Structures are given as C-alpha cells and as structure tokens.
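Going by UniProt numbering, the residue at position 60 of the sequence shown is 60; the numbering climbs one at a time, nothing skipped.
Just so it is clear, CB atoms sit at the ideal spot from N, CA and C, and this is done for glycine as well.
All values derive from a computational prediction rather than experimental measurement.
Below is one structure; the comments refer to it alone.
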Amino acid sequence: MDSSDEARVFLIARDLIAEHGDDVARFLQDRIDVLTAAKDYNQLSEWFVIRNAVALSLGSGPTLQ
1 MDSSDEARVF LIARDLIAEH GDDVARFLQD RIDVLTAAKD YNQLSEWFVI
51 RNAVALSLGS GPTLQ
C-alpha cells in the first residue's frame with residue numbers, strides 16, 4: 001500500500017467515525033459479515049484495512065508537541 005492509498009484509507013476511517021460515532025465498530029463488523037457471506041474477498045480485504053485504520057484513529061489521542 002503506498003502513501004496515497006494509506007491516506008485515502010485514513011480519510012475513509014475519519015468519515016466513518018464522524019458518521020457512525022460510537023456505532024462505528026458495529027457498522028464495520030456488519031459490513032465485513034456481509035462481504036464474508038458474499039465471498040467478496042477483494043472488498044473484504046479493503047474493509048479489514050479500513051477497520052484497522054478506524055481502530056488506530058480511535059486509539060490515538062492528541063499528541064503534545
């Protein structure tokens with residue numbers, strides 16, 4: 001994944017967090033479950049990356065400089 005792909009994924013993560021708030025984890029798991037059932041492995045792998053970006057975004061607080 002190059003830096004532009006990584007930036008895109010983190011922008012998606014930020015938008016999902018803003019849209020779904022505390023329910024973002026449930027939204028992501030529902031999406032992953034649908035894609036798993038459909039055996040859509042290309043999209044599934046992308047949503048795993050997005051889920052990881054959401055987790056990293058939620059786990060990082062403000063930094064002191």
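Taking all protein chains shown into account, decide if residue i is buried (16 or more other Cβ within 10 angstroms of its Cβ) or exposed.
i, result
"residue 53", "buried"
"residue 9", "buried"
"residue 13", "buried"
"residue 11", "exposed"
Helix, strand or coil: which one does DSSP assign to residue i?
i, result
"residue 38", "coil"
"residue 22", "helix"
"residue 30", "helix"
Distance check for residue j and residue i, CA to CA, integer angstroms please.
i, j, result
"residue 22", "residue 58", "10 Å"
"residue 37", "residue 2", "29 Å"
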